[in-house]
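The numbering of the sequence shown is our numbering, which starts it at 1 and goes up by one.
The C-beta atom is built at its ideal place from N, Cα and C for all residues, glycine as well.
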Amino acid sequence: MSIYNEHQQEIADKIDDNVKTSKWKNWKWQMQHVVKTPEQCENLLGISFDDEEKRNLTKTISKFPASVTPYYLSLIDKNDYKNDPVFKQSFPSIEELHVCENEMSDPLAEEKDSPAPGITHRYPDRVLFTISNTCAMYCRHCTRKRKVGDEDYIPNKGMIKTGIKYIRDTPQIRDVLLSGGDPLMLSDEYLDWILTEIKSIPHVEVVRIGTRIPVVLPYRVTDDLIAVLKKHKPLWINTHFNHPREITTSSREALDKLSDAGIPLGNQSVLLAGINDCPRIMKALVHLLVQNRVRPYYMYQCDLSEGLTHFRTPVGKGIEIIESLIGHTSGFAVPTYVIDAPGGGGKIPVMPNYLISWSTNKVVLRNYEGVIATYKEPDSYTPVFCDRNCSKCDLQLNLKGADEYLSTGIADLLSDAEEIISLVPKENERFDRRTEIGSE
Numbered sequence: 001m002s003i004y005n006e007h008q009q010e011i012a013d014k015i016d017d018n019v020k021t022s023k024w025k026n027w028k029w030q031m032q033h034v035v036k037t038p039e040q041c042e043n044l045l046g047i048s049f050d051d052e053e054k055r056n057l058t059k060t061i062s063k064f065p066a067s068v069t070p071y072y073l074s075l076i077d078k079n080d081y082k083n084d085p086v087f088k089q090s091f092p093s094i095e096e097l098h099v100c101e102n103e104m105s106d107p108l109a110e111e112k113d114s115p116a117p118g119i120t121h122r123y124p125d126r127v128l129f130t131i132s133n134t135c136a137m138y139c140r141h142c143t144r145k146r147k148v149g150d151e152d153y154i155p156n157k158g159m160i161k162t163g164i165k166y167i168r169d170t171p172q173i174r175d176v177l178l179s180g181g182d183p184l185m186l187s188d189e190y191l192d193w194i195l196t197e198i199k200s201i202p203h204v205e206v207v208r209i210g211t212r213i214p215v216v217l218p219y220r221v222t223d224d225l226i227a228v229l230k231k232h233k234p235l236w237i238n239t240h241f242n243h244p245r246e247i248t249t250s251s252r253e254a255l256d257k258l259s260d261a262g263i264p265l266g267n268q269s270v271l272l273a274g275i276n277d278c279p280r281i282m283k284a285l286v287h288l289l290v291q292n293r294v295r296p297y298y299m300y301q302c303d304l305s306e307g308l309t310h311f312r313t314p315v316g317k318g319i320e321i322i323e324s325l326i327g328h329t330s331g332f333a334v335p336t337y338v339i340d341a342p343g344g345g346g347k348i349p350v351m352p353n354y355l356i357s358w359s360t361n362k363v364v365l366r367n368y369e370g371v372i373a374t375y376k377e378p379d380s381y382t383p384v385f386c387d388r389n390c391s392k393c394d395l396q397l398n399l400k401g402a403d404e405y406l407s408t409g410i411a412d413l414l415s416d417a418e419e420i421i422s423l424v425p426k427e428n429e430r431f432d433r434r435t436e437i438g439s440e
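Here you go:
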């Protein structure tokens, strides 16, 4: 009968007298009792906000709604809730209403790079496909908080079909990332239909799902859901744990089910001031992740979404954390630190520099200890000139079943496939002057 701990049992009993474990672990029951107001939080946690706190919470919620599952609420240390990492991620701060000049409602330009409803096509061979607007919890640091609670953004089946058609009609797409909202908040049947449609497209090689379900609503990972996901290999899932406190008995059970189903798991953390901006905390997190068969994938610099100034750290803090991991833990436990570039530039790795200098045939490197070493390059290396004519290439590369598409960006400069020597931004004043001079 007993739920995992007394705190959870206390919260459960306040919601519904004599709640059995089976009900507490029912994800639909959890969603029926999400916490949305300061008063509910006070009652369930047994805390009291002062008048100013309550006014600020109510004011912020009126613009950016709150929604927290009873499960995630139960992880809050009620004796120190103001500093609690779970509380800070789930309950609003008045600072969210302080919108700075450089903050944007859509900082990653997802809507500008959207050729079809729900589709963001930024990279050549992959797309982001938003198939849900529902989340188990509204994260306060969400980059898409502009969409929270907005019924205009709820994708219906017609919109989903249009997005699938775009993927089907665009043969260079080999990787589809399902996002939201949270895709795992959809019904098993609906998710099964979407996955079936996408996997029927010949050029789609892999499907990924981005979800925070194992963190905030682990009971959603049911045997029935696992049965659906197992049908659609190769399927990859990225979770979103930000703090070691989020890895509980329940979340471990959810991760075990997913891993045992043969689904590779990754994790995308966001670097958040006052929550995980500490080398010791991040090291503890990545160690717990790999213990539970989840590979740290990305550590994001917090985006420039509206009202997130109080969450953002200097980039130097992220570099410091990466320095504390490289060489001090297993290589596969070190995430890639990235900034998702404002304006739609995509994820840009920002990592410590280990290449100190180089010459014609030697490079100078440093390791995590500060040891400086040299690596001797070959004196005689015959470069392979690549003209992108793979059918006549001497290298034994079997391209059967693959298609070659034109490269873009830096890869285009390196390929020599076209006669270009530089990439020039539009509206470059220097090049505009050249045109003006030539026309005189």
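Within the chosen definition, does the stretch 180 to 191 reach the stretch 219 to 227 through at least 3 CB pairs nearer than 8 Å? Contact holds between the stretch 180 to 191 and the stretch 219 to 227, because three or more Cβ pairs, one in each stretch, are under 8 Å apart.
For Glu404, which three-state DSSP category applies? Note on Glu404: pLDDT 49, under 50, position unreliable in the model; no value is reported.
Gly118 to Pro155, Cα distance in whole Å? Answer to the nearest angstrom: the Cα atoms are 7 Å apart.
Give the straight-line distance between the Cα atoms of Ala402 and Pro124, rounded to the nearest whole angstrom. Low confidence applies to Ala402: its pLDDT is 49, below 50, so where it sits in the model is not reliable enough to give any reading.
Roughly how many angstroms separate the alpha carbons of Asp13 and Gln40, rounded to a whole number? Taking the straight line joining both Cα atoms gives about 13 Å.
Does DSSP put Ala254 in a helix, in a strand, or in coil? It is helical.
Gly163 - partner residues in DSSP beta bridges: According to DSSP, Gly163 bridges with nothing at all.
Cross-strand partners of Ile420 (DSSP beta bridge): Partner residues in a beta bridge of Ile420, as assigned by DSSP, do not exist.
Whole angstroms are fine: how far does the CA of Gly345 sit from the CA of Val424? The alpha-carbon atoms of Val424 and Gly345 are separated by roughly 15 Å.
Cβ of Leu44 within 9 Å of Cβ of Val35? It is a contact, given that the beta carbons lie within the stated cut-off.
Is the separation between the beta-carbon of Val334 and that of Pro349 shorter than 9 Å? Against a cut-off of 9 Å, the Cβ pair of Pro349 and Val334 comes out as no contact.
Minimum C-alpha distance to Met351 - residue among Tyr368, Gly343, Tyr375: Per the Cα distances, Tyr368.
Report the residue from Gln32, Thr21, Glu10, Pro92 whose alpha carbon sits nearest the alpha carbon of Gly307. For the set Gln32, Thr21, Glu10, Pro92, the Cα lying nearest the Cα of Gly307 is the one of Pro92.
Inter-residue spacing [alpha-carbon to alpha-carbon] between Val19 and Asn26: Rounded to whole angstroms, Val19 to Asn26 spans 11 Å at the Cα level.
To the nearest angstrom, how far is it from the Cα of Ser200 to the Cα of Val176? For Ser200 and Val176, the distance between alpha carbons rounds to 13 Å.
Taking Pro70 and Gln9 to be in contact with their CB atoms under 8 Å, please state how far apart those CB atoms are, rounded to whole angstroms. With a beta-carbon spacing of about 11 Å, Pro70 and Gln9 fall beyond the 8 Å limit used to define contacts.
Could you have a look at Gly158 and say whether DSSP puts it in helix, strand or coil? In this structure, Gly158 counts as helix in the three-state DSSP scheme.
Suppose contacts are defined by Cβ-Cβ distances below 9 Å. Is Leu184 in contact with Val215 by that definition? Here Leu184 is not near Val215, since their CB atoms are 9 Å or more apart.
May I ask whether a heavy atom of the ligand ADP can be found less than 8 Å away from the beta carbon of Ser90? For the structure depicted, the ligand ADP is absent and the ligand set is empty, with no information on it obtainable.
Under 8 Å by Cβ, that's how I've got Gln301 and Val315 pegged, so tell me the actual separation to the nearest angstrom. Confirmed, Cβ separation roughly 6 Å.
Could you round the C-beta distance between Ile164 and Ile198 to whole angstroms and report it? I think they count as a contact, below 8 Å. Their Cβ separation, rounded to whole angstroms, is 6 Å, which keeps Ile164 and Ile198 in contact under 8 Å.
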